[in-house]
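A quick write-up on the structure given underneath.
There are 2 protein chains.
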Amino acid sequence: MPKILTAALCAALLSVVALGSASANEGMWTFDNFPSAEVKSSLGVDIDPQWLARVRGAAVRLSTGCSASVVSPDGLVFSNAHCVRECAQQLSPPKMDYVANGFSAARRADEGLCPGMQAEILTAISDVTPTVQAATAEKTGQAFIKARDAAIAVIEQHACAGREAKFRCQVISLYDGGRYSLYTYRKYSDVRLVMVPEAQTAFFGGDPDNFNFPRYDLDFSFVRLYENGKAVATPDHLHWSFAAPKPGEPTFVAGNPGSTDRLLTAEQLESRRDLALPWTLLLFSEVRGRLIRFSEESPEHARMADFLLFALENSFKAFYGQEKALVNPALIAAKRRADQELRARIAADPKLADTIGDPWSDIAKIQTDYAALMMPYGFEETRAGLGSHLFGYARALVRAAAERAKPNSERLPEYTDSRLPLLEKDVLDPAPVYPELEQLTLEFWLSKLREYLTADAPATRTFLGQDSPQTLSAALAKSRLGDAAYRKQLWDGGPSAVKASNDPMIRFVLATDEASRAVRKEYEQRVSGPTDRASEAIAKARFTVYGTSTYPDATFSLRISFGKVDGWTDNGVAVQPFTYFSGLWKRATGQSPFDLASRWQHAEDRVNPATVFDFTTTNDIIGGNSGSPVIDAQGNVIGAAFDSNIYGLGGDFGYDARLNRTVAVSTAAISEALRHVYDQPALLQELSAR
Amino acid sequence: MPKILTAALCAALLSVVALGSASANEGMWTFDNFPSAEVKSSLGVDIDPQWLARVRGAAVRLSTGCSASVVSPDGLVFSNAHCVRECAQQLSPPKMDYVANGFSAARRADEGLCPGMQAEILTAISDVTPTVQAATAEKTGQAFIKARDAAIAVIEQHACAGREAKFRCQVISLYDGGRYSLYTYRKYSDVRLVMVPEAQTAFFGGDPDNFNFPRYDLDFSFVRLYENGKAVATPDHLHWSFAAPKPGEPTFVAGNPGSTDRLLTAEQLESRRDLALPWTLLLFSEVRGRLIRFSEESPEHARMADFLLFALENSFKAFYGQEKALVNPALIAAKRRADQELRARIAADPKLADTIGDPWSDIAKIQTDYAALMMPYGFEETRAGLGSHLFGYARALVRAAAERAKPNSERLPEYTDSRLPLLEKDVLDPAPVYPELEQLTLEFWLSKLREYLTADAPATRTFLGQDSPQTLSAALAKSRLGDAAYRKQLWDGGPSAVKASNDPMIRFVLATDEASRAVRKEYEQRVSGPTDRASEAIAKARFTVYGTSTYPDATFSLRISFGKVDGWTDNGVAVQPFTYFSGLWKRATGQSPFDLASRWQHAEDRVNPATVFDFTTTNDIIGGNSGSPVIDAQGNVIGAAFDSNIYGLGGDFGYDARLNRTVAVSTAAISEALRHVYDQPALLQELSAR
């Protein structure tokens, strides 16, 4: 079993550093550039535009960071349990834990609103590259960022004008700025939890089994789209397959891979390896330790910290795998050779060379500024609060008040008209806030800010003053921003209400926001502006030399990948692509996280032991794809992707068809469980509707 | 102020990768190879053999990992507060916290035994290289390790035969096995705490100020040597200076630097950078998080975890600095050039080449086995228990019972006759054990063992069985081994008593020790044996090509470094070598760790504000040197080294006279505090005795 990062992983990655063309089954393709011919030749399947349109029309992006699919005519949406884990935690009434015990709405009226969750279905794609690139021509540094963001704000605003209530328009940057596409989404901002199994069942094996296979996780959930208080009619849904997947069967995964880095230069990968990832891993490790101890203090603390700890451990393992891949010197050496090959081909064409310039050297030089600014920018801006909800609310309220007063195209991009509705929903949706957990998070953030920026740094004085992280976090955790009504009062009240607030967190953000904005400006001027400019030039070079028959890095926008049900050979051992119900009871030890939920302890005789439980496919996915439907050649949904195998951790930098595998839970297993373990005839009936 | 690792640090390190000869003030010299001529030429001071003998006779090694010096005729020993921090914690009676409040024995009878602490004064050095190397000739792998350890056991046993009660004989490996020296120590196993100031005062600025300067730490302590219940007469003591150090004044530091890596090959440094340090930092980060939260749960928990957390944070910062130094690619590139220069010179001499072979390639090849075995060896053997005292006791009892039954030269080296007395003291000295803290530590260890070795690894099954880390650690924390009387019963009872014990921790170690010994054997066979063999060959090559006028890597054995009182220039800013009492109140904010102990809050008018508080010198030191006397040219003690500046963190790999600085607390400041703040006329009188 592929339990650790082995030499095979390293060898694998060497062959897959992104070059001009993709290997078999590689790629997270946009729907307007689907490689039909390649699919036909490698899988023998004809995928026509109607098939693609139908899948696109049922593929869902969840604003909380997952993927999903519509699977009934009544707005029923199929995703992973871990995609609604935070929602289940937030909906749990006092002394009830829907994460631990699962949740199932007996009637429609019991389906509960998931705070901050918006479902989005892509309806149109159009190319806006010329408009964006014209706006940024000749611009550099922060001016480049501002011009680009302004152009995007205008495009998004105009495209959705008059239909903002039901649509979201978003410009997606693809190929590192080589192309900009306008994606129009039908949006549903009232998404309610229908059913999720116990965390023990959905995440059996817990962190130790995460990213491993064989696997026994029933990682599914259902939510439902609502509008005007009623379930949305969704005639364009995928059909639910009750049959098990078959070995070698072609599979398609439609979803929203979050982020890959297959187009970065060698120097950017080095910064990732030496700066960004080590720092992230250390931060995550320490706060993980604090949260584990916090969780052990009481069942109530465990419930409060559940989602944060789950998400943290999942990310930690993924980043750890990335770092392991990057410290293999051959990976970056292969990337450097690929960079050099492209540079040589450009140099051979003087006219092209004149157009492109030397963006690789530009990026290499920027790394010094990146090293200097990474931590200040992180602690003061992108990672400020380090997950504190109170801080997040306060920053959104303070900044929205300031930004909304400006013309749309002059705002920070997260506050433009096209983005405000989702932000407003996020700020105003009622969601529980736990002061004890807030204090822990804030204290951790402030103490690391002081540690890494040093006690004598001006930023430390700005954020901490004469306080200690302990005293300041205790004061800030007393904020009233956990109260949604108070947030609404400040949101509606605008700048004057915000400035008049005596809430400690609002006062804190007001006092520190200038410093945060200043470091952001400096970062854009010295790092992200010049980087994005250079990346755009490299993308142009790549298009010119290799053509456009490739896929862009993942950007949490809709993609489709193709592959087939298949295991792999791990250090000479064949790993079968299936697990079966029967294996679950064999693996259970009775101790967490290898213990069974009570309803499963005696279910062995009720379910068919030969049912395919989880399965693996060759599809190319990455985090963000969680909940994506796994679709057969006929367009039926046969599973939900919930993980990759251990080799997928290096998938950030490349894909190897021999080893990278998607891990999915089968609809066959879910159907069997709904029927014999969860007693859900109504859901089964709804899934059978055509 | 040098608060972060800057480009200057990186630049500095490039010039100091250990080559054949040392730069000015570089070196941790053995007392039998003191560079008198170099000292004369660089400092203008004549150091004669009498001076060296007198300093050596007063220099103390504390078995708990620090250095110190005898400073009165009545066995009074001067060291750092942080060197007795664990002792103060252990001596604290219920509801009393000697770490937080400080401790001062009103009478001799109140001086309290520091558990496990032995003071050792070096009395003789002799060369035993031929004997050891003859025993290992032609041997490889684990056979090499066994032959070497057996030879050492015999040498140590014979050298101290008949005088074991008062002497300790230890063979010290120098120059990575290029030389073996027999060090004979007069030992004192009854060391009692006399005085230590409050942690707030000794460690003002805490972790944020650690490794920084300007600094305001009164990091001193006094312990006393006892024998047969009486203070030991120590006519050979250093004279205490009441005068402040002067700019440019020559300084000597005599102490026990713990470990440096200036002679490692480039490939070994790469393994350090990519494997050992990242893993260590991640482990330390997470357990740090758990301990911080544990400490915040109650004042009692804070007291229990105090020393562990302090030591952990200190090590974390040091390792973090090492990693920062190693990710600078120029450092390892410089090391590789140095390796290649030496290899070229060997290759040019066919006869020498034939003798030396190619140990660099051997070491490069070993790194694959190191990568595979580092974690199993760490979790199951060297880091087993990850600091649990109960585990440590159990392993010592189980193994001592088994090993003592074997002939001396066939035992694991930590159980040979020469080492048993200190081990026995360590096991039998009464010291408090905190079950809550034990459980935390054990749970952490077991959960990380499972995480990094994977849930399905045979080792995980051996150590964890069907348990979870939570359940098993809870069971093990119920061990009776916290009771010194029970430990004595098992120690005296030998194998039969150990085997008959129903103590859960003893049973656990009995059940897992075979696995631990097996992985150790494999590691010695595939990693440490071949490495030590190759390192010995490189050392021989280095001696042949560069001569012996250099110093060996640090090995926690007595060394002396020379230098002078001096500041440095930090990114163009001159840092003065002194702080003064007056600065303490300026830096205090009232919030931990920048708050003053109550007796200091109103002491500003009682002490001379112009007294030199802390100071910096150019001496080359490393961890283990803590507590080392800083000595003037006349042989008087003028301070105690307690830290290095931030550049010293890269000192593991090299020394740069422009930037590396020792940080010491002045005897002038201590004298002033004893007189006007701590009211200690008796101590002052004792320090004045000649």
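Chains as they are written, first to last, in my numbering: chain F, 1176 to 1865; chain H, 1176 to 1865.
Glycine residues also receive a C-beta, built at the ideal position from the N, C-alpha and C atoms.
- Within chain F, no residue has its beta carbon less than 8 Å from that of Ile1713 of chain H; the closest one is some 23 Å off.
- The Cβ neighbour count for Ala1630 of chain F, taken over all protein chains shown within 10 Å, is at least 16; the residue is labelled buried.
- The continuous stretches of alpha helix (DSSP H) do not include Gly1747 of chain H, and DSSP gives it neither H nor E.
- If you check each beta-carbon in the stretch 1455-1473 of chain F against every beta-carbon of chain H, the ones closer than 9 Å belong to Leu1456, Leu1457, Leu1458, Phe1459, Ser1460, Glu1461, Val1462, Arg1463, Gly1464, Arg1465, Leu1466, Ile1467, Arg1468, Phe1469, Glu1471, Glu1472.
- Of the residues H:Thr1725, H:Ser1757, H:Val1838, H:Gly1823, the one whose Cα lies closest to the Cα of Val1740 of chain H is H:Val1838.
- Residues of chain F with a Cβ closer than 8 Å to the Cβ of Glu1626 of chain H are, in chain order, Asp1382, Pro1383.
- If you check the CB distance, Leu1349 of chain F and Pro1727 of chain F come in under 7 Å.
- Annotated three-state conformation of Asn1208 of chain H is helix, per DSSP.
- The alpha-carbon separation between Tyr1590 of chain H and Asp1207 of chain H amounts to approximately 29 Å.
- The beta carbon of Val1214 of chain H lies closer than 7 Å to those of Val1220, Ile1222, Phe1737 in the same chain, with the five residues before and after it left out.
- Around Val1502 of chain H, the beta-carbon contacts reaching into chain F at under 7 Å are Asp1449.
- Runs of the alpha helix (DSSP H) lying entirely within the stretch 1370-1439 of chain F and spanning at least 4 residues, in chain order: 1374-1377, 1381-1384.
- Assigned with DSSP and collapsed to three states, Cys1335 of chain H falls in coil, not helix or strand.
- Contact with chain H is found for Ala1630 of chain F, since one of that chain's Cβ atoms lies less than 7 Å from the residue's Cβ.
- In this structure, Asn1489 of chain F and Asn1385 of chain F form a Cβ contact; the two beta carbons are roughly 6 Å apart against a cut-off of 8 Å.
- Secondary structure note for Pro1633 of chain F: it is in no beta strand (DSSP E), and the uninterrupted alpha helix (DSSP H) holding it is 1633-1639.
- Check the Cα spacing between Arg1695 of chain H and each of H:Ala1523, H:Asn1794, H:Gly1316, H:Arg1229: the tightest is with H:Gly1316.
- The DSSP assignment places 1595-1603 as complete runs of the alpha helix (DSSP H) inside the stretch 1572-1607 of chain H, in order along the chain (cut-off: 4 residues).
- For Gln1345 of chain F, DSSP records a beta bridge to F:Tyr1358.
- At a cut-off of 7 Å, the C-beta of Asp1642 of chain F has a neighbouring C-beta in chain H.
- Contact between the stretch 1223-1242 of chain F and the stretch 1292-1307 of chain F is present: 3 or more CB-CB pairs across the two stretches fall below 8 Å.
- Take the alpha-carbon of Leu1858 of chain F and the one of Ile1735 of chain F: they are about 27 Å apart.
- Per DSSP, reduced to three states, the secondary structure at Lys1321 of chain F is helical.
- In the displayed model, Gly1738 of chain H falls within a strand according to three-state DSSP.
- Of the residues H:Gln1497, H:Asp1365, H:Asp1678, H:Thr1764, the one whose Cα lies closest to the Cα of Leu1456 of chain H is H:Gln1497.
- Tyr1830 of chain H has its alpha-carbon roughly 19 Å from the corresponding atom of Val1805 of chain H.
- Between Ser1643 of chain H and Ile1347 of chain H, the C-beta gap is not smaller than 7 Å, which leaves the two residues out of contact.
- The beta carbon of Gln1766 of chain F sits closer than 7 Å to some beta carbon of chain H.
- Contact with chain H is found for Thr1646 of chain F, since one of that chain's Cβ atoms lies less than 7 Å from the residue's Cβ.
- Assignment of beta strand (DSSP E) within the stretch 1206-1260 of chain F, counting only whole runs of 3 or more residues, yields 1234-1237, 1241-1245, 1251-1254 in chain order.
- At a cut-off of 4 residues, the continuous stretches assigned as alpha helix (DSSP H) that sit fully inside the stretch 1745-1831 of chain H are 1756-1762, 1773-1776.
- Contacts between Pro1596 of chain F and chain H, judged by CB atoms closer than 9 Å, are missing: the closest CB pair is about 37 Å apart.
- The beta carbons of Leu1227 of chain F and Phe1209 of chain F sit about 6 Å from each other, so the pair counts as a contact at 8 Å.
- Between the stretch 1365-1383 of chain F and the stretch 1764-1773 of chain F there are three or more inter-stretch CB-CB distances shorter than 8 Å, so the stretches are counted as touching.
- For the pair Leu1400 of chain H and Cys1289 of chain H, the CB atoms are not nearer than the 7 Å cut-off.
- The closest CA to that of Glu1331 of chain F, considering only F:Arg1231, F:His1257, F:Ser1356, is found on F:Ser1356.
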